[in-house]
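Inspection log for the structure reproduced underneath, given as structure tokens.
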Amino acid sequence: MSNRHFELKIGKGTEKFTIPEAQLLYELVGENLSPPTDLAAAYKDALDHPIDSPPLREIVNPGETVAIAVSDITRVWQHNELTLPILIDHLNEAGIADKDITVIIAVGAHRQNTQAELEELCTTKICNRVRVVNHNAWDTENMVYYGKTSRGTEVSFNRIVAEADRVILTGGVIYHYMVGYGGGRKSIMPGVSSLQTIQQSHMWAMGKCLGDGSNPLAANMKTAGNPSHEDMMEVAAFLKADFIINVVPNLDGDITGIFTGNWISAWQKATQLVDKIFGVAIEEQADIVIASAGGYPKDINLYQSQKTIDNAVYAMKKGGVAIILAACPDIKEPGEFFDWFTHPTAFEMEKAVRENFLISGWVAVRQLEYAGLGHILLVTQEKNIELAQKAGVQGVTSMEEALTIAYEKCGSNSPKITVMPQGANTFPILGT
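Set out below in structure tokens:
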């Protein structure tokens, strides 16, 4: 019997293992497209050839103020350090002075980026040229109220974007396990929205009633009928953003697609490329799914690694086993995530999330729900085993141990196995 040898990333190293060829159901990898040979030239061309919009230079006028929404330091794969200088130079050429440009870091309800992070994210040169500030969702005095969505979400935005003559959105698009896809409207909601707006809109990611858990319609790749996405779109529409620039990475993390223009249709085009690169069709689910989060920094903690768990569960039979390779050197971070697991029951946790919604709470609710779908094994550092157990995950220190447990749980000597080398990004699409 021939064997397949695998070497998957974990932390800053790799983990090797072997499985029988006859048991390998799928090795799920996306379609790796090549990046542009000249990124700067491709970016400039995209600015001049937008989707459903005039070119940016025809939208802005000399003397106007411009706010540029930029994703935070956790999304460095968007390579703002490469693209933001091009965008600001482009605005200068169109008559917009540096003094009239504000870059606002669209952190939503996440922590403020440090000065060092701002300089890493935007470059020191840009930080010295234009105003660069963090959005603060708690700063109610600097919010401007716009109205309510059809679902009742009260909409308030940061005064910087509300009072700017022009608003430009930037960001990247990959799958998102709550609102289908990242990018687009997320630069506004939660990006530059008030805490009240964020909490009310995100509440649609929960089921209708206490005890329902998370809303199954708030999921990866799903936008139609996803109330969390739909409310987010309504919130974002209040701002009337003038232009968007969204990028899509390839499997290596290099920018491979640049989509500009109308904030809705350009983003929608970007989601189509995401499907092409990261969506992988499967005909059946496996007894065992082995998924790497992709190594550091994607597996820096359990909170970040949950994206991999979510994707792996889609490839796993109900009652199966998912083996997640994630070193989680900072497993306790962010602190507010593990705080949710101090609640004595899943019901009490959900109740607390509904009373004071935070995205970390929703992620914690989802984490416990995975345990009800199958057995989740986490190949990680030994120090993490006890904490992993609190989150409904069984921690182990090697693939050998994980495979032994997985075979026992399946009750079969020849279970079907799917391997996901880039589990954080690759999304299994089950055929009907």
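Sequential numbering of the sequence shown, starting at 687, is according to my numbering. Using N, Cα and C, we set each Cβ at its ideal position, and we do this for glycine too. Computed from a predicted model, the values in this text were never measured in an experiment.
- Comparing alpha-carbon positions, the option among L1064, S1084, M1085 lying closest to Q1075 turns out to be L1064.
- The C-beta distance from A1013 to T1066 rounds to 6 Å, short enough to fall under 8 Å.
- Three or more beta-carbon pairs drawn from the region 696-712 and the region 977-990 are found closer than 8 Å, and the two stretches are therefore classed as touching.
- Within the same chain, Cβ atoms closer than 6 Å to the Cβ of R837 are found at D917, the five residues on either side in sequence being excluded.
- Counted as a single uninterrupted DSSP element, the stretch harbouring P1114 is not any alpha helix (DSSP H) but the beta strand (DSSP E) occupying residues 1113-1116.
- Taking C-alpha positions only, T835 is separated from S873 by approximately 18 Å.
- Taking the Cα positions, V960 is about 21 Å away from P902.
- Per the DSSP secondary-structure output, I963 pairs with nothing in a beta bridge.
- Here the alpha carbon of G911 sits roughly 19 Å from the alpha carbon of P876.
- Residue range 1080-1082 is occupied by the beta strand (DSSP E) that includes V1082.
- For the pair F929 and T946, the Cα-to-Cα distance works out to about 7 Å.
- When DSSP reads this structure, A972 sits in a beta bridge with M1002.
- Within the region 848-928, the beta strand (DSSP E) runs of at least 3 residues that lie entirely inside it are, in chain order, 852-858.
- Contact check for N799 against N814 fails: the beta carbons are separated by 7 Å or more.
- In the DSSP assignment, E1094 falls within the alpha helix (DSSP H) that extends over 1085-1096.
- For the pair V752 and I787, the CB atoms are nearer than the 7 Å cut-off.
- Taken in chain order, the complete beta strand (DSSP E) segments of 3 or more residues contained in the region 987-1065 are 1002-1011, 1060-1065.
- One Cα belongs to V789, the other to I963, and the distance between them is close to 30 Å.
- Listed as beta-bridge partners of K702 by DSSP are E693.
- For D775, there are no CB contacts under 7 Å within the same chain when 5 residues up- and downstream are skipped.
- Boundaries of the beta strand (DSSP E) harbouring R817: 817-820, taken from the DSSP string.
- The region 1099-1109 makes contact with the region 710-726, as at least three CB pairs between them are under 8 Å.
- G749 and C808 have their alpha carbons spaced roughly 23 Å apart.
- Here S688 carries a coil assignment [DSSP, helix/strand/coil].
- Beta-bridge partners of N844 (DSSP): M829.
- If you compare the alpha carbons of S1100, I1009, F1027 with that of G1081, the shortest gap goes to I1009.
- For the pair of segments examined, the region 993-1005 was found not to touch the region 1017-1029: the number of CB pairs separated by less than 8 Å stays below three.
- In the three-state reduction of the DSSP assignment, S978 falls in the strand class.
- S951 is not a Cβ neighbour of G857, given a cutoff of 7 Å.
- About 6 Å separates the beta carbon of Y861 from that of M907, a gap short enough to meet the 8 Å contact definition.
- If you draw a straight line from the Cα of T909 to the Cα of P740, it comes to about 27 Å.
- According to DSSP, A753 shares a beta bridge with T788, V853.
- For the 7 Å CB-CB criterion, A956 and V859 form a contact.
- Within the same chain, and ignoring the five residues on either side of L925 in sequence, the residues whose Cβ sits closer than 7 Å to its Cβ are F843, V847, V853, I874.
- A Cβ-Cβ separation of about 5 Å places S914 in contact with V865 under the 8 Å criterion.
- Per the C-alpha coordinates, the member of M919, M889, S887 positioned closest to G870 is M919.
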